[in-house]
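Let me begin by presenting the structure, written as structure tokens, before commenting on it.
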Amino acid sequence: MIKPEHTWKKLIVYILGYFLLAEWLLPLPEATGTGSVTVFMVVSAAFFIVIYLQLSWWAILGSVMLIILTGINTVFYEESLLQLSWLISLAAEVQTNVGYIISGQWYALTDMFRSILFMLLLAIMSYLIYFWVVQSRRILFFLTFTIIYIGVMDTFFEYNGMFAIIRTFVIGFLLLGLLQWDRIVSRAEDRGAQRKIFLRWALIMAGFLITAGGVGVLAPKSEPRWPDPVPFLTWGESSTGSSQGVQKIGYDNTDERLGGGFQMSDMPVFTASGDIDGYWRGEAKNVYTGLGWEIDAPDETASEAGLYSESIETEEQEVNIEMAEAQEFGFAFYPGSFLSIEEDIETSVDAWTTQVEFETGGEPASLTNYTVAYETADFPVEQMSAVTDDSEDPEEVTEYFTQLPDDLPGEIQELAEDLTADDDNRYAKARAVERYLRGPNFSYQTTDIPAPSEGGDYVSQFLFESRTGYCDNYSTSMAVLLRTLDIPTRWVKGFTEGDQAPGDENQVEVTNENAHSWVEVYFPEVGWVPFEPTKGFSSEFNYTYENNEASEEAPEIEEEETEEEESAPEEAAPETEEEGEEEQEDTSGGAGIDWSLPLWPFFAVTVILLGAGWLFRKKLLASYLLFKYRHMHSDEEFQSAYQALLRLLQTARVKRNAGETLREFAVRVNDLYGTGEMEQLTKKYERLYYGRKTGNEAGSETVTAWKRLVKKVRS
Amino acid sequence: MVNEREALQRVIENVQQVVVGKKAEIELSLTALLARGHILLEDVPGVGKTMMVRAIAKSIGASFKRIQFTPDLLPSDVTGVSIYNQRTMEFEFRPGPLMGNVLLADEINRTSPKTQSALLEALEEKSVTVDGETRNLERLFFVMATQNPVEYGGTYPLPEAQLDRFLFKLRLGYPTEEQEIEVLERVEFTHPINELSSVMSLEDVLKAQDLVKDVHVDHSVKQYIVSIVRESRNHRDIYLGVSPRGSIALMKASQAYAFVRGRDYVTPDDVKYLAPFVMGHRLVLQTDQQMADKDGETVVRDILSSVRVPASDSDSAVRP
């Protein structure tokens, strides 16, 4: 590295560079819940100082290590920096995480290790900025990305980027101006000329900043052209919102009072291995009180859950469940419909709630490890569509699963009738309601969710007032809406599939975050068919068509929805919804209530993109030039193409030295690439540039020679 | 214009029949001729200086004169003198060697400063004044002065101010082995100079001199010339840099050189190539550099390697 002369000007420019980097750190708390941003700021300031001091490489390396250690100690350890004990635990932590990296379990990395990586990234960024600002005296690239970054942060997260944008604008343009001044002055001859340049520069800079800034602030601003995507993309929502009354954490035994925020917790509940297919069922509830769900059914038990009618196709599967520490439940979680349990324990399946309780000698018991046999079903759509009234429903189903509170607001039924006005069968009605809830009228959110007060109605509050909520809101609403149409439904609670367990690919881990609720609708001759009304969740229920090839997988719910939506255009935009769902799938599905995307990969990807752009700038520039000058006709175009070629060569590290004439340079380039094109082009360019600049056609040989040379440089 | 160019090429070929392997120097000599400049050849005797000048003179059908400068040479021996004719009872002007087209001033540093300045003034004024009467020199007037760098005893080194009357200072140098054998073979029977005939008329040379003025010098090239010259005034090895007269000389020489190379515009390559010959003798180096036996040309090449050559609009900060 050539040591550049350090002047006060360079120092100022470098400090401004630091402020630009700081703008990348500021949104982190709002966007990701990253704490200790101050520490990161101080750490990067330290990096900046170390790099500015122009120490030898080992001194820089040592200082960077020391800074990272200090930073980590400040954030994660209470012990002082000089005590050795924390270093030992740090070493162990690093070792574990390196293991995770080697085995590719990125999601398992701990916060501390992420912080270490993040600080390393900051160190690299500090060097890059030093390089950009002090050595190559260019910053536009980084500034552009900073502005894009703030824009993204402002759009997709709770971060208000208004002042950040203003700050970045001022810092950035000051930087650009200073660097430009630096470049101009380096060309100026003597002090007098420099002073003149300074005056002119300062005037133009001030004028520009004031005018542009003033216009920006004062000019009328139009409304956004498209709606804020945040309601559809719910990642990154802050998880610490205020709780209103009720607050829920994970799987709860009582649902008498629903509503309020949902406290995120990634505490594991159980891990499962074997055939894992679909949501984990805990129990179903049948009585909606207006505030929540209760059970009111006769105490009947059975040996199997019996969700599905005997006439439909089912598949038997087995899964082993191991409860996490301190997680004791007196009943089993199972996908599909429960058949039997392998362990030597009595089970009683509640015929109405489908809860599988453990018993030893008639007393409730709990198990930490058990294997469940269950069946999953394919739900025949034709058969379900054939159900048009409740005449075939068994009496007890109608009795227990169509109940509604007497004081249910009438608007709910009106809405349900509106939604299903065009549908004549039960399946279509269920789908219509489901589609409505997943549509753009509602947004998914886990915080700031109101709970109904005594005498209020949970469903009505969600449907007509708040319109934001999580699974409980959606599933309850669907169940209630359908019940107003005399369709038997029940509310099911449990967990989503869960995520791949750290350390074992064949296991899934289900945490409190996976807690979920959904709806089942009764179809005679089919049984209880699940529906997924919650926005952002994709269900894997198999709805099949008879016409389909027997072996073919039934279409998933999303696909079907889009099809239907095309026939019902008034029903909102399918893209936004799909987008939401795709995002959802990206995070390996089924987070119970909310899932937040850690920002550091996002940050890393940006930096990697920046780096890749920088690395491949030669190829990118060459391709761009080939495109830009694909039709070269006039001499002017040739001149600018030739000058662009010079810049391209510079990017390819073939730089014209000071004092080297074009002809000498051309000879060198020709030797380097083993061609004759550069001299040919140079002759032509010399005639144009140093000659009388008389215009004529660029000539096809010239154009081909130019293209050939650019391609050679690119490869 | 095309004709003049072709004629110039013929001249070069012609001269090469006499002088072996000195194409660059021949080209430079013609460049000086076209730029209406003069040449100072600094070299040991016997490397073909005289032959080259005579061959050039013969090729363009010009009269050739030669003065051997000696310490006792008087200014009137150079300019000519008025002699009293007793028959006509009048003073009659006897023109000196200056009144020819091509003049070889041999060992110019051996004569007294007085005589030297008589010659050099004539170079600048293009006229001589004898006995109060101003007489113009020939329209085509080209001087090639030589100077022996080895025998300094009894010499009067030319002052710096007079050195810059010469457009170029050149060196011929010894021929290579093959070239020297070639020389021997050529002179074995008859000297080729005797068989040389004129291949370009004096009129054509004069016309070419006029055409040279039309060779285009782009603003960026002027900028480049000025940058080089200005740099010579700031260079740490140089005590006294090149004057604006030097800038003009460099530009005119570049125009003539571009013409010789068959172009109607000057490129920075021309400037860069000529700069050492044009500027080398116009500098006064610092004493320590002189002691270190460094010469002007080396320093000029050093300058050239650091002055940025303008190649696009972004290179030159000032542009109209």
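Here the protein sequences line up with chains R and F, keeping their order. No gaps in the numbering here: position 412 of the first sequence is 412 in our numbering, and each next residue is one more. Count along the second sequence starting at 1, add 1000, and that's the number in our numbering. Where is the CB? At the ideal position from N, CA and C, for every residue including glycine. Predicted model only: the values in this text are computed from it and were never measured.
The beta-carbon distance between V372/R and F338/R, rounded to whole angstroms, is 7 Å. This is short enough to meet the 8 Å contact definition. Any Cβ of chain R closer than 7 Å to the Cβ of P1244/F would place that residue at the interface, and such an atom is absent. By the Cβ criterion, the stretch 399-406 of chain R is not in contact with the stretch 442-455 of chain R, since fewer than three pairs of Cβ atoms, one from each stretch, lie closer than 8 Å. In the three-state scheme derived from DSSP, where H, G and I count as helix and E and B as strand, V1047/F is classed as coil. When I165/R, T376/R, S103/R and W706/R are compared, the shortest CA-CA separation from W528/R is found for T376/R. For W201/R and D182/R, the gap between their C-alpha atoms comes out near 10 Å.
In the three-state scheme derived from DSSP, where H, G and I count as helix and E and B as strand, G494/R is classed as strand. Listed as beta-bridge partners of I1083/F by DSSP are E1092/F. In terms of Cβ geometry, T1146/F and K1049/F form a close pair [threshold 7 Å]. Contact check for M1200/F and H1038/F: beta-carbon distance about 19 Å, past the 8 Å limit, so the pair fails to qualify. Within the same chain, N1101 come within 6 Å of E1138/F by CB-CB distance, once the 5 residues on both sides are set aside. Here T1267/F has V1221 and A1258 as same chain residues with Cβ atoms under 8 Å from its own Cβ, once five neighbours each way along the sequence are excluded.
The count of Cβ pairs closer than 8 Å, one atom from the stretch 455-474 of chain R and one from the stretch 513-526 of chain R, reaches three, so the stretches are in contact. Neighbourhood of P1045/F in chain R, by CB distance below 7 Å: empty, with the nearest CB roughly 36 Å away. Around the C-beta of P268/R, 16 or more other C-beta atoms lie within 10 Å, and the residue is accordingly described as buried. Within the DSSP bridge table, the entry for K1169/F names L1040/F as partners. By the rule that beta-carbons nearer than 7 Å mark a contact, T7/R does not touch chain F. Counting C-beta pairs closer than 8 Å gives three or more between the stretch 1221-1237 of chain F and the stretch 1290-1305 of chain F, which meets the contact rule.
For the 7 Å CB-CB criterion, A332/R and F157/R do not form a contact. In the structure shown, the three-state DSSP call for I1238/F is strand. In the same chain as R490/R, and ignoring 5 residues on each side of it, the C-beta atoms closer than 6 Å to its own belong to A284, N286, F401 and E520, in chain order. Residues are counted here when their Cβ sits less than 8 Å from a Cβ of chain R; for the stretch 1274-1299 of chain F the count is zero.
Within 7 Å of the CB of V1221/F, the CB atoms of chain R belong to Y690, in sequence order along the chain. Chain R places no beta carbon closer than 7 Å to that of A1208/F, leaving this residue out of the contacts.
One Cα belongs to V1130/F, the other to A1055/F, and the distance between them is close to 31 Å.
Assignment of D277/R by DSSP, reduced to helix, strand and coil, places it in the coil class.
When C-beta atoms of the stretch 1158-1174 of chain F are compared with those of the stretch 1262-1282 of chain F, three or more pairs fall below 8 Å, so the two segments count as touching.
Between E1004/F and A1253/F, the gap from beta carbon to beta carbon reaches 7 Å or more. Under the Cβ distance rule, S1247/F does not count among the residues neighbouring chain R, no pair being separated by less than 7 Å.
Nearest CB-CB separation between L662/R and chain F: below the 7 Å threshold. For G527/R, the secondary structure class from DSSP, reduced to helix, strand or coil, is strand. Under a 10 Å Cβ-count criterion, S477/R is classified as buried, with 16 or more other Cβ atoms of the shown protein chains found around its own Cβ. The C-alpha of E346/R lies about 9 Å from the C-alpha of A365/R.
With 16 or more other CB atoms across the displayed protein chains lying within 10 angstroms of its CB, F118/R is buried. Between Y1265/F and Y690/R, the gap from beta carbon to beta carbon is short of 7 Å.
The CB of G659/R comes closer than 9 Å to the CB of K1272, I1303, L1304, S1305, S1306, V1307, R1308 and V1309 in chain F, given here in chain order.
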